[in-house]
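S.K.: So the sequences go chain by chain: A and B. Numbered according to the working numbering, the first sequence spans residues 1 to 135. Numbered according to the working numbering, the second sequence spans residues 136 to 270. Once you've had a glance at the structure underneath, I'll fire off some questions.
There are 2 protein chains.
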Amino acid sequence: MQLSNNNYRKSKQRTQILEILKNTNIHPTAIWIYDKLKSEFPNLSLGTVYRNLSILNEQGLILKIKNGSTFDRFDAHISPHYHLICEECGSITDLDIDINDIINEIAIKVTPFIIKHHKIDFFGTCQICKNKKNL
Amino acid sequence: MQLSNNNYRKSKQRTQILEILKNTNIHPTAIWIYDKLKSEFPNLSLGTVYRNLSILNEQGLILKIKNGSTFDRFDAHISPHYHLICEECGSITDLDIDINDIINEIAIKVTPFIIKHHKIDFFGTCQICKNKKNL
DNA sequence: TTCCATGCAAACTTTTTGCATTCAT
DNA sequence: ATGAATGCAAAAAGTTTGCATGGAA
């Protein structure tokens with residue numbers, strides 16, 4: 001969403017959406033939040049939930065958990081590897097380093113969750129965009 | 136997609152989709168592949184591309200790069216942390232370990248990409264699902 | 001000859017947007 | 001009084017599916 005504005009007013013709906021997110025650790029979807037708030041705001045619309053989630057995300061009060069892009073992406077390079085995701089242009093490139101086992105070991109020590117594998121995405125600026133910005 | 140079948144026949148379209156994916160490192164979207172193949176198969180449909188990508192993914196010949204779910208998820212816990220994603224039920228929980236700096240340092244050494252931050256998702260089975268399966 | 005794969009279009013899922021109204025400032 | 005936020009519904013964006021036809025085994 002393109003929000004050029006940063007002169008926000010208070011709204012009960014937005015306050016409650018943030019409150020709900022602060023008090024849960026399940027990383028909810030928009031509909032889950034919508035359902036939670038339906039009893040308090042019987043006329044609430046999903047659009048309002050999405051709009052407020054965007055605003056809260058823009059304000060840095062919440063995180064939107066997403067991949068680098070809205071499109072699914074596909075890769076025939078199936079052996080485990082990590083990705084470099086450019087925040088300027090959305091490009092995804094491979095990073096071939098092997099830190100796999102160390103990380104699983106560290107994580108396995110502190111959680112009862114059964115860890116089978118992991119994925120690391122590095123975010124930043126690719127060389128092409130870096131050069132463009134330096135011109 | 137629900138593909139109960141694993142008796143696949145050869146198809147020129149699927150062969151070429153795999154070929155394209157093997158020969159690029161840009162992690163393309165479905166439409167990008169579709170556009171690439173339009174000259175070779177003028178009647179190609181996007182549906183065919185998606186169907187074949189699902190089949191190739193099911194066969195383990197390619198990877199679909201996606202989050203744990205099709206829904207965006209939101210989090211008010213904005214300080215850096217990693218996620219445990221259950222492959223059985225799709226739940227996302229936090230893992231609070233601090234291996235942040237080590238990983239960035241390792242990666243920075245081997246790429247000119249400007250790394251600002253990273254994200255780690257651990258995949259496996261959560262405790263609830265583990266218990267359900269043991270019953 | 002069987003039935004998997006295709007093209008086409010329609011349906012579906014998730015998210016965004018336009019518009020008139022309501023509400024915070 | 002101003003214009004941001006809302007509810008509602010329609011549209012958009014991305015992906016999947018039904019169906020008749022074509023093609024591999």
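Even for Gly, the Cβ is constructed at its ideal location relative to N, Cα and C.
1. How many angstroms separate the CA atom of K10/A from the CA atom of L37/A?
2. Taking the C-alpha atoms as reference points, what is the distance between I78/A and I92/A?
3. May I ask you to list the residues that DSSP assigns as paired with Y82/A?
4. Mind listing the chain A neighbours of R208/B? Cutoff is C-beta to C-beta under 7 Å, in chain order.
5. If you pair each beta-carbon of the stretch 81 to 98 of chain A with each one of the stretch 113 to 133 of chain A, do three or more pairs fall below 8 Å?
6. With a cut-off of 8 Å on the beta carbons, I'd call I115/A and I238/B a contact; round off their distance for me.
7. For D236/B, return the contacting residues in chain A, with the cut-off set at a CB-CB distance below 7 Å.
8. Any beta-carbon of chain A closer than 7 Å to the one on M136/B?
9. Exposed or buried, what is V184/B when buried is set at 16 or more other beta-carbons lying within 10 Å of its beta-carbon?
10. Is the shortest distance between the beta-carbon of F176/B and the beta-carbons of chain A less than 7 Å?
11. Look up T29/A in the DSSP assignment and say whether it is helix, strand or coil.
12. Enumerate in chain order the residues of its own chain whose CB-to-CB distance from L61/A is below 7 Å, with the five nearest sequence positions on each side excluded.
13. List the residues of chain B that C126/A touches, going by C-beta distances under 7 Å, in chain order.
14. Please state whether the Cβ-Cβ distance between R271/B and I65/A is less than 7 Å.
15. The alpha helix (DSSP H) with K12/A in it runs from where to where?
16. Excluding the 5 residues preceding and the 5 following D94/A in the sequence, name in chain order all residues of the same chain whose CB lies nearer than 7 Å to its CB.
17. Since A30/A and L46/A are thought to touch, with beta carbons under 8 Å apart, how far apart are those beta carbons, to the nearest angstrom?
18. Pick out whichever of Q127/A, I33/A, N134/A has its Cα sitting closest to the Cα of T15/A.
19. What number of angstroms, rounded off, separates the C-alpha of Q127/A from the C-alpha of H162/B?
20. Comparing alpha-carbon positions, which option in P177/B, F176/B, G203/B lies nearest G259/B?
21. Mapping the DSSP letters down to three states, classify K173/B as helix, strand or coil.
22. Go ahead and pull the three-state DSSP assignment for L198/B.
M.R.: Per the coordinate set shown:
1. If you number the first sequence from 1, residue 10/A lands on position 10. If you number the first sequence from 1, residue 37/A lands on position 37. Their backbone Cα atoms lie some 17 Å apart in a straight line.
2. As a position in the first sequence, residue 78/A is number 78, starting the count at 1. As a position in the first sequence, residue 92/A is number 92, starting the count at 1. If you draw a straight line from the Cα of I78/A to the Cα of I92/A, it comes to about 15 Å.
3. Taking the first sequence and counting its residues from 1, the one referred to as residue 82/A is at position 82. DSSP lists L95/A as partners of Y82/A.
4. Looking up residue 208/B in the second sequence gives position 73. Those within 7 Å of R208/B in chain A are H27, P28, T29, I65.
5. yes
6. Position 115 of the first sequence holds residue 115/A. Position 103 of the second sequence holds residue 238/B. A Cβ-Cβ distance of about 16 Å is found for the pair I115/A and I238/B, leaving them out of contact under the 8 Å criterion.
7. Here the question's residue 236/B lines up with position 101 in the second sequence. In chain order: nothing, as chain A lies at least about 13 Å away.
8. Within the second sequence, residue 136/B is the residue found at index 1, counting from 1. At M136/B the pLDDT is 39, less than 50, meaning the model places this residue with poor confidence; the figure from the coordinates comes in the next sentence. Cβ-Cβ to chain A under 7 Å: no for M136/B.
9. Indexing the second sequence from 1 puts residue 184/B at position 49. When all chains shown are included, V184/B counts as buried.
10. Position 41 of the second sequence, counted from the first residue, corresponds to residue 176/B. It does not; no Cβ of chain A falls within 7 Å.
11. In the first sequence, counting from the first residue as 1, residue 29/A sits at position 29. The answer is coil: DSSP assigns T29/A none of H, G, I, E or B.
12. Within the first sequence, numbered from 1, the residue matching residue 61/A stands at position 61. Leaving aside the five residues that flank L61/A on each side, the residues in its chain whose CB is nearer than 7 Å to its CB run, in chain order, L18.
13. Counting from 1 along the first sequence, the entry for residue 126/A is found at position 126. Residues of chain B passing the Cβ test: F248.
14. In this structure chain B extends from 136 to 270, so residue 271/B is not present and cannot be described.
15. Start at 1 with the first residue of the first sequence, and residue 12/A comes out as number 12. Note, K12/A: alpha helix (DSSP H), 12 to 22.
16. Sequence index remark: in the first sequence, residue 94/A carries index 94 (1-based). So the qualifying residues of the chain are H77, H81, H83.
17. Here residue 30/A is taken as the residue at index 30 of the first sequence, counted from 1. Here residue 46/A is taken as the residue at index 46 of the first sequence, counted from 1. Yes, they are in contact, since the Cβ atoms of A30/A and L46/A sit about 7 Å apart, within 8 Å.
18. What you label residue 15/A is simply residue 15 of the first sequence in a count that begins at 1. The shortest Cα separation from T15/A among Q127/A, I33/A, N134/A belongs to I33/A.
19. If you number the first sequence from 1, residue 127/A lands on position 127. If you number the second sequence from 1, residue 162/B lands on position 27. The straight-line gap from Cα to Cα measures roughly 17 Å.
20. Within the second sequence, the letter at position 124 stands for residue 259/B. Taking only the C-alpha atoms, the option nearest G259/B is G203/B.
21. Here residue 173/B corresponds to residue number 38 of the second sequence, with the count starting at 1. In the structure shown, K173/B falls within a coil segment according to DSSP collapsed to helix, strand and coil.
22. On the second sequence, residue 198/B is found 63 positions in, with the first residue counted as 1. Reduced to three states, the DSSP call for L198/B is strand.
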